[in-house]
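Sequence positions in the sequence shown follow mature numbering (1 follows the signal peptide of the UniProt record, and there is no 0) and run -25 to -1, 1 to 365. From the three backbone atoms N, C-alpha and C, an ideal C-beta is built for every residue, glycine too. One structure is given below, encoded as structure tokens.
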Amino acid sequence: MFAILRNARNPLLRIGVVLSALLLAACQPGGGNTGQRIDTSAAVPVALLVPGGSGQPGDETLALSLQQAAQLAIADLQGVKIDLRVYNTGASPALAAQMANKAVDEGAKIILGPVFAESANSVGLAVANRNVNVLSFSNNADIAGGNVFVLGQTFQNTANRLASYAASHGKRRILIVNDQTPAGEVGARAIQNAISRSGATFAGKASYSFSQQGVASAVPGIASRVKAGDVDALFLTADTAGALPMLAQLLPDQGVSAQQTTFIGLTRWDIPNATLSIPGLQGGWFAMPDPGPNLQFQSRYQATYGSAPHPIAGLAYDGVAAIGALVRSGRPDALTRSGLTQGAGFVGVNGIFRLLPDGTNERALSVVEIRNGQTVVIEGAPRSFGGAGL
């Protein structure tokens, strides 16, 4: 089903739907680390590190869902032989590093996981000198680099997509509005970088302390800045569980509406779905994956296992699908850095994606607008990245 793309307060929060507040030093092994070569005529040993064994029900559910998604991907590989070996890491970075070394001792050529950023960083450091690449399920770009890749959706990827679309559709003077939290500051930096890449103009940054009083105190100043006449759009880091609903109420009260000054969201505004009915968000933009592939994955997972997948289980499917597609190419260097970062990318459960040389990823996203309480796609997700495939 999925293959290499040719030109054509719960575990979820802990991995960084809101980016982890803990900023980690990325693993930076020496330039000689490229990744393991493989025997393409034999089953390729792949280690899957999951947060099982922690004793936390949420972690156990996540671990099982990741394992089942990976097994579903293996069943779809059609002739490619993957020897998947599962290792429980609990929630401990030290145990994750220990299990990673054990996996390599037992022959693993590449590591999938772990989930949490601290553990993924620890694993990368543990196996850096053993020439093994790590495809972690984190979305924390601060751990990416060297032998560590992140498969999760990053702030920078989302910001790039939205800033580029905004700049090409007349929204060229963009004011950043962000929480004064570690995640909010990381998000603001990603947005500012994206604005500079897009050719739009950075119109400044307005931040607020992460409290009701902080938001209320900041809104009049934000409104005054917009009314000065040189702001086309507000790019917000706030999410639906945080300050977004309050901003969507207070800004229109101050005469700033999404219909006149477009509100752009760094996070998903359709989770929960009730957020779409907030009057102040009508006309706002955010980005999301093409829903078609994900609905197909969810349906197959439900039919196979009798339950819905965890929201990030698809990352395990993506990792196995990418590995399988690379192995199918018949190249002994398929799992080295040059193989993993081949430009054409892969097809995953949320559409196309590719791994970048800096250890982050690029995922194709649709731009949607909220209209009458519904999401309307105003620019669909790209179907290819271009570049030569394998």
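{"Check": "Best match in 331, 294, 314, 307 for proximity to residue 324 [C-alpha to C-alpha]", "Outcome": "294"}
{"Check": "Cβ distance (whole Å) where residue 57 is taken to contact residue 318 below 8 Å", "Outcome": "Their Cβ separation, rounded to whole angstroms, is 24 Å, which puts residue 57 and residue 318 out of contact at 8 Å."}
{"Check": "C-alpha gap between residue 280 and residue 150, whole angstroms", "Outcome": "46 Å"}
{"Check": "Exposure label - residue 16; buried when at least 16 CB within 10 Å", "Outcome": "exposed"}
{"Check": "Residues sharing a beta bridge with residue 263, DSSP", "Outcome": "341"}
{"Check": "Beta-bridge partners of residue 23, as assigned by DSSP", "Outcome": "61, 87"}
{"Check": "Cβ-Cβ separation, residue 163 to residue 215 (assumed contact under 8 Å), whole Å", "Outcome": "That pair is no contact at about 18 Å."}
{"Check": "Rounded Cβ spacing between residue 237 and residue 146 (contact assumed at less than 8 Å)", "Outcome": "5 Å"}
{"Check": "C-beta atoms of residue 84 and residue 20 nearer than 7 Å", "Outcome": "yes"}
{"Check": "Where the beta strand (DSSP E) through residue 153 begins and ends", "Outcome": "148 to 154"}
{"Check": "C-beta contact flag for residue 128 and residue 338 at 7 Å", "Outcome": "yes"}
{"Check": "Nearest-angstrom Cα separation, counted from residue 284 out to residue 273", "Outcome": "6 Å"}
{"Check": "Terminal residues of the beta strand (DSSP E) in which residue 327 lies", "Outcome": "326 to 330"}
{"Check": "C-alpha gap between residue 126 and residue 286, whole angstroms", "Outcome": "14 Å"}
{"Check": "Cβ separation of residue 9 and residue 329, assumed to be a contact under 8 Å, to the nearest whole Å", "Outcome": "In fact, because the Cβ distance is near 18 Å, the residues do not count as touching under 8 Å."}
{"Check": "Inter-residue Cα distance where the pair is residue 344 and residue 44", "Outcome": "31 Å"}
{"Check": "contact_flag[the segment 138 to 145, the segment 115 to 126] where n(CB pairs < 8 Å) is 3 or more", "Outcome": "no"}
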